[in-house]
Amino acid sequence: MPSPIRRIAISTGGGDAPGLNAVIRATVTAAANRGWECMGIRDGLTGILQPERYPKGGGVVPLTRDQVRGIAHLGGTILGTTNKGNPFHFPTLNADGTTGETDRSDELLACFKRDGIDALVMVGGDGTMAIAHDLHRKGLRVVGVPKTIDNDLDKTFTTFGFDTAVSFATECLDRLHTTAESHQRVMVVEMMGRYAGWIALHAGIAGGAHAILIPEIAFDLEQVAVKIRKRDADGRLYSLVVVAEGAQPRQGPRAVLEPAGSGHAERLGGIGEQVARELAQRTGKDARVVVLGHLLRGGSPTSFDRLAALRFGTAAVRALDEGLSGVMVALAFPNVNYVKLEEVAGRMKAVPPDSDTLQTGRDLGVCFGD
Ligand code: F6P
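Residue numbers (this note's numbering): 70 to 439.
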């Protein structure tokens, strides 16, 4: 059995997602109930690696029960987050203004030792889980908590943040039906999700979209145009088309706003505009595009996400209490369990071709562009 825990730290990394504050609250409270102290690291691991950025030692702050009271329903993260602070590839600024990266993982471990931090709870998506796995391999006691609106983390039934994003996107589609119908238009709605189509698929079906384009199914816009023309011929003079930001045209590349660079991933976006333009040409109809973008990441977590986040946070503390490390808390519906980080790191959960949700869409007559 590893040495007893007296102090843990928690960090939130990657894009924010509704439910992060609920995890923080749960972790701090469950730790305090065991007599452990909990420290919060600001902006991923930046607070500990670049303390000079935070006045008065504010990069790593003690978190007490009082400080996390009443935050479970709030969006965002009280700790801040970043997707640019991987300690194994930490961004550097050279004297000539160019950027580079350096491995600061040894330094990070030394900081934990210096500050008497016995274990770390890392809340994040696939990038964070990969870092957690590497830190575990270097000897740090670490437990991961799966977060992302994209739901693309493997080995968990769902991540928190996803349900909130889908609920909001569904409400947007509900609103767009009436305006699309009033103007007899094609409304194209672009949704986040990176290389997975979970948000687009779930919201698209729940919100009654007529076509849904996801990265897992290469699309041909002529198929969507056929669907729209058929609806017109049947007297249904408007159509709603949902397109995932990572949707893959059968011919041609994905829409990219910014290529991957030092310390940051490729930024997707722009496919909605392309799809709207081309559908207008092919059908002769008026088309408009709505990009939901970061609205999907904002707001209060739904009760499902809030509960998942509270369950995940307390389960992370229980995992540490049981002497576990190198694991991620996961939802093995209906229960929470632990999976090894090595089974999660570097893997992406795409919508499987035999997904019954996909089949539901097909049976309802949704066009997937194939
Ligand atoms: O992973 C969450 C996510 O919102 C993706 O859906 C999206 O592609 C990406 O983050 C956007 O990242 P950023 O906020 O850095 O532009």
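We put the beta carbon where it would ideally sit given N, CA and C, even for glycine.
If you measure between the beta carbons of G82 and G208, is that distance less than 7 angstroms? no
Anyone know if the C-beta pair for T225 and L400 falls short of 7 angstroms? yes
Assuming T171 is part of the alpha helix (DSSP H), what are its boundary residues? Looking at the DSSP string, T171 is not in any alpha helix (DSSP H); the run it does join, the beta strand (DSSP E), is T168 to T171.
Where H333 sits in the DSSP three-state scheme: strand
Hey, out of V312, A201, H279 and T115, whose CA is closest to V408's CA? A201
Should R75 be labelled buried (16 or more other beta-carbon atoms within 10 Å of its own) or exposed? exposed
Say the cut is 6 angstroms; is the CB of L337 nearer than that to a heavy atom of the ligand F6P? yes
From the DSSP output, read off the bridge partner residues of P215. G193
Report whether the distance from the Cβ of C416 to the nearest heavy atom of the ligand F6P is below 6 angstroms. Note that residue 416 is Arg in the sequence shown here, rather than Cys. R416: no, Cβ never under 6 angstroms from the ligand F6P.
Have a look at T98, V413, V359 and G88 and flag the residue whose alpha-carbon is nearest the alpha-carbon of M256. V359
So, are the CB atoms of I147 and V129 less than 7 angstroms apart? no
Is R111 near the ligand F6P, in the sense that its beta carbon is under 6 angstroms from a heavy atom of that ligand? no
When you compare only the Cα positions, how much space is there between T429 and F437? 12 angstroms
Between which two residues does the beta strand (DSSP E) containing C180 stretch? No beta strand (DSSP E) contains C180, which is instead part of the alpha helix (DSSP H) from S174 to R183.
Give the range of the beta strand (DSSP E) segment to which C107 is assigned. E106 to I110
Exposure of P215, with buried meaning 16 or more beta-carbon neighbours within 10 Å: buried
Outcome for M417 when other beta-carbon atoms lying within 10 angstroms are tallied against a minimum of 16: exposed
Mapping the DSSP letters down to three states, classify S80 as helix, strand or coil. strand
Nearest-angstrom Cβ-Cβ length linking G362 and G144, presumed shorter than 8 angstroms: So it is not a contact: roughly 15 angstroms between Cβ atoms.
Is G262 close to the ligand F6P? I mean its beta-carbon at under 6 angstroms from any heavy atom of the ligand. yes
Residues bridged to V408 (per DSSP): M397
Looking at A280: is its Cβ nearer than 7 angstroms to the Cβ of V310? yes
The ligand F6P and D219: does any heavy atom of the ligand fall closer than 6 angstroms to the residue's C-beta? yes
Run through the DSSP bridge pairs and tell me what A356 is partnered with. V255
Member of L306, R323, A302 and E314 whose CA lies at the smallest distance from the CA of W267: E314
May I ask you to verify whether the stretch 325 to 344 touches the stretch 385 to 405, counting CB pairs closer than 8 angstroms and requiring at least 3? no
May I ask whether a heavy atom of the ligand F6P can be found less than 6 angstroms away from the beta carbon of G438? no
Can you check the stretch 234 to 284 for any beta strand (DSSP E) of at least 3 residues that lies completely inside it and give the ranges in chain order? 255 to 260 and 280 to 282
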